[in-house]
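Step one of this worksheet: look at the structure below.
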Amino acid sequence: MLAETRRTRLINQRVRAILLAGDGSILLIKRVKPAAAPYWVAAGGGVEWTDIDLIAALERELYEELGAVAKVLATAFVLEHEKAGKQLEEHFYVCLLQDLDLSKRYGPEFNDPARGEFIPEFVTLDLAHLGAINFKTPELYDWIALHIDYLRSIQLQPARF
Numbered sequence: 000m001l002a003e004t005r006r007t008r009l010i011n012q013r014v015r016a017i018l019l020a021g022d023g024s025i026l027l028i029k030r031v032k033p034a035a036a037p038y039w040v041a042a043g044g045g046v047e048w049t050d051i052d053l054i055a056a057l058e059r060e061l062y063e064e065l066g067a068v069a070k071v072l073a074t075a076f077v078l079e080h081e082k083a084g085k086q087l088e089e090h091f092y093v094c095l096l097q098d099l100d101l102s103k104r105y106g107p108e109f110n111d112p113a114r115g116e117f118i119p120e121f122v123t124l125d126l127a128h129l130g131a132i133n134f135k136t137p138e139l140y141d142w143i144a145l146h147i148d149y150l151r152s153i154q155l156q157p158a159r160f
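Okay, structure coming up:
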């Protein structure tokens, strides 16, 4: 439903959460695959035809990958790039974690050992800790580093839920 065609090429849309935990940390997913260095990604994934919009896709992905519910606060940025011959458009959103129950995670990635491990990890929201991990998407690190004061200020506000 949300895939677009530009210049006759299919654009695969994805959604990602810059998921603030509310305690001065950010929740990322550490990916561990055989014969590869670990790397960290923002939770999220592909938009499906049943998703009514990008926010619905993000909410679904957060629940699938983390058993998480989050409040979407703002659009962060959109990254357009190509991967494995596919044109991707990734929409990153700033979100505040509301609930987390890892026992509710589900999806094919958790049943296929060849896909490696998906390890939720809270990382302190400062440049020293963030700079010490291998972000798969360097643009994500760059955006967080540039907006770190804004992200910290959100975490200092009392939760409204």
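Once you know that position 126 of the sequence shown is 125 in numbering that gives the first Met the number 0, the rest is easy, because the numbers rise by one and skip nothing. By construction, the Cβ of each residue, glycine as well, lies at the ideal position given by its N, Cα and C atoms. Note that the structure is predicted; figures quoted are calculated from it, not measured.
1. Rounded to the nearest angstrom, how far is the Cβ of tryptophan 39 from that of leucine 27, given a contact under 8 Å?
2. Tell me whether the beta-carbon of glutamine 86 lies closer than 7 Å to the beta-carbon of isoleucine 17.
3. Are the beta-carbon atoms belonging to isoleucine 153 and leucine 19 less than 7 Å from one another?
4. Which runs of the alpha helix (DSSP H), 4 residues or longer, sit entirely within the stretch 63-89?
5. Rounded to whole angstroms, what is the Cα-Cα separation between alanine 67 and histidine 80?
6. On the three-state DSSP scale, how would you describe lysine 103?
7. Output the boundary residues of the beta strand (DSSP E) element that contains proline 119.
Reading off the structure:
1. Contact between tryptophan 39 and leucine 27 holds, since their C-beta atoms are separated by about 5 Å, short of 8 Å.
2. Not closer than 7 Å, so no.
3. Here isoleucine 153 is near leucine 19, since their CB atoms are less than 7 Å apart.
4. Within the stretch 63-89, there are no complete alpha helix (DSSP H) runs of at least 4 residues.
5. If you take the alpha carbons of alanine 67 and histidine 80, they lie about 27 Å apart.
6. Looking at lysine 103 - three-state DSSP - the assignment turns out to be helix.
7. Segment 116-123, the beta strand (DSSP E) holding proline 119.
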